[in-house]
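Before any comments, here is the structure.
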Amino acid sequence: MPLIVSAFASGLLFGLGLIVSQMVNPAKVLGFLDIFGAWDPSLALVMGGAVAVSTLGYLIAKRRGVPVLAPRLEIPTRRDLDPRLIGGAALFGIGWGLVGLCPGPALVGMTFGPWPVFVFVAAMIVGMAVFRLVPADWPQVTFRREAPRVDG
Amino acid sequence: MENFTPVSALIGGLMIGASAALFLVLNGRVAGISGILGGLLHPARIEIGWRLAFLAGLFIAPLVYAAVGGALPPVELDGSLPLVILAGLIVGFGTRLGAGCTSGHGVCGIGRGSPRSLAATAVFMITAIATVFVTRHLIGM
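Heads up: the sequence lines are chains W and E, in that order.
If you use numbering that gives the first Met the number 0, the first sequence closes out at 151, no skipped numbers anywhere.
If you use numbering that gives the first Met the number 0, the second sequence closes out at 140, no skipped numbers anywhere.
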């Protein structure tokens, strides 16, 4: 139960941060991404402030070793770059740049924004579901010689 | 730079960072929105409770903000419906393939100094800026 309460509180604080920073407004996000137009650097300050506190949290979590409410830290440990990571990030950036919505602001903006935000979220969930159909080894772009198969 | 709102941006950013820090220190988890949402699509997982709770918090945030007297910012979403749908599909698919979005890679991953998250953030920033350049300045959408 405490895990549920703290998850709710974290989500609430995250959402409030997106509202206060106005990152729930796609036009504001596009203003940042439009570096060749009337550039609005606000998003850089949002990221900077968020990364600074998140770094602090990571240092505290690492020093403690164990989370306050859970049995262990569940942190990604991979450090290698692979085609899935880069390809996925590239795709995400294209979708983000098309209308200025990423997952967090879309979910927060659903309750008080115009109805197409809801459509975006529905399409996003469909996109996530489609990903589940993708084989775990796709895309294969590594060039390696396979050992000859010998039957029997 | 007439739209620049440095104070609210910094305060909001600190709140987002505090959320990520709290979630890591208390729950031991990364506050990555696409990962939390995407995890719900795996029925084998039994971690449905905290995922739904986090998303409920996101959902209720505007109501809480308005209830304490805050003026909600506008949500200006331009673009035709097919474009919005296409963008949603790409964002959903891309964030799962790339294992993160602005929150998981951008805020949490960079905070940990993860080379994967640094690379992913650089890549999605570049493709997003390029996309806006093409749509706004080349084909004038």
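Ideal Cβ positions, reconstructed from N, Cα and C, are used throughout, including at glycine.
In this text the structure is predicted, and so the values were computed from the model without any measurement.
Taking the alpha-carbon positions, what's the residue i to residue j distance?
i, j, result
"Val116 of chain W", "Ala70 of chain E", "19 Å"
"Val83 of chain E", "Ala20 of chain E", "32 Å"
"Leu25 of chain E", "Ala121 of chain W", "30 Å"
"Pro114 of chain E", "Met124 of chain E", "15 Å"
"Arg131 of chain W", "Ala8 of chain W", "29 Å"
"Ile74 of chain W", "Val106 of chain E", "14 Å"
"Ala6 of chain W", "Ala60 of chain W", "16 Å"
"Leu42 of chain W", "Gly110 of chain E", "16 Å"
"Val23 of chain W", "Ser102 of chain E", "13 Å"
"Pro138 of chain W", "Arg83 of chain W", "7 Å"
"Leu13 of chain E", "Ala51 of chain W", "8 Å"
"Arg95 of chain E", "Ala105 of chain W", "16 Å"
"Met123 of chain W", "Cys100 of chain E", "12 Å"
"Ile138 of chain E", "Glu75 of chain E", "21 Å"
"Pro66 of chain W", "Ala135 of chain W", "30 Å"
"Leu72 of chain W", "Gly36 of chain W", "43 Å"
"Thr76 of chain W", "Arg28 of chain E", "13 Å"
Got a sec: is the Cβ-Cβ distance from residue i to anything in chain E below 8 Å?
i, result
"Ala135 of chain W", "no"
"Leu44 of chain W", "yes"
"Gly64 of chain W", "no"
"Leu29 of chain W", "yes"
"Leu55 of chain W", "yes"
"Leu132 of chain W", "no"
Figure out for me which residue from the options has the closest Cα to the Cα of residue i.
i, options, result
"Val67 of chain E", "W:Gly96, W:Val19 and W:Cys101", "W:Val19"
"Glu1 of chain E", "W:Trp38, W:Gly16, W:Ala8 and W:Gln21", "W:Trp38"
"Asp79 of chain W", "E:Ile47, E:Ile35 and E:Gly97", "E:Gly97"
"Phe3 of chain E", "W:Gly87, W:Leu100, W:Trp114 and W:Leu32", "W:Leu32"
"Pro61 of chain E", "W:Leu90, W:Val67, W:Arg63 and W:Met109", "W:Met109"
"Val63 of chain E", "W:Leu15, W:Ser53 and W:Leu44", "W:Leu15"
"Pro5 of chain E", "W:Leu2, W:Leu11, W:Val45 and W:Ala49", "W:Val45"
"Leu88 of chain E", "W:Arg71, W:Val125, W:Ala69 and W:Pro70", "W:Val125"
"Ala52 of chain E", "W:Gly96, W:Leu11 and W:Gly87", "W:Leu11"
"Gly99 of chain W", "E:Gly16, E:Gly108 and E:Arg135", "E:Arg135"
Is there a C-beta anywhere in chain W that falls below 8 Å from the one on residue i?
i, result
"Ala8 of chain E", "yes"
"Pro73 of chain E", "yes"
"Ile47 of chain E", "no"
"Gly12 of chain E", "yes"
"Gly68 of chain E", "no"
"Pro81 of chain E", "no"
"Ile138 of chain E", "no"
State yes or no: is the C-beta of residue i nearer than 7 Å to some heavy atom of the ligand COA?
i, result
"Phe91 of chain W", "This structure does not include the ligand COA; it has no bound ligands of any sort."
May I ask you to list, following chain order, the residues of the region 16-35 of chain E that have a beta carbon less than 8 Å from some beta carbon of chain W? Only those residues of the region 16-35 of chain E whose C-beta falls short of 8 Å from the nearest C-beta of chain W are listed: Gly16, Ala17, Ser18, Ala19, Ala20, Leu21, Phe22, Leu23, Val24, Leu25, Asn26, Gly27, Arg28, Val29, Ala30, Ile32 and Ser33.
For the region 102-125 of chain W, enumerate the residues whose C-beta is nearer than 9 Å to any C-beta of chain E, in chain order. Against chain E - using a Cβ distance shorter than 9 Å - the residues of the region 102-125 of chain W are Pro102, Gly103, Pro104, Ala105, Leu106, Val107, Gly108, Met109, Thr110, Phe111, Gly112, Pro113, Pro115, Val116, Val118, Phe119, Val120, Ala121, Ala122, Met123, Ile124 and Val125.
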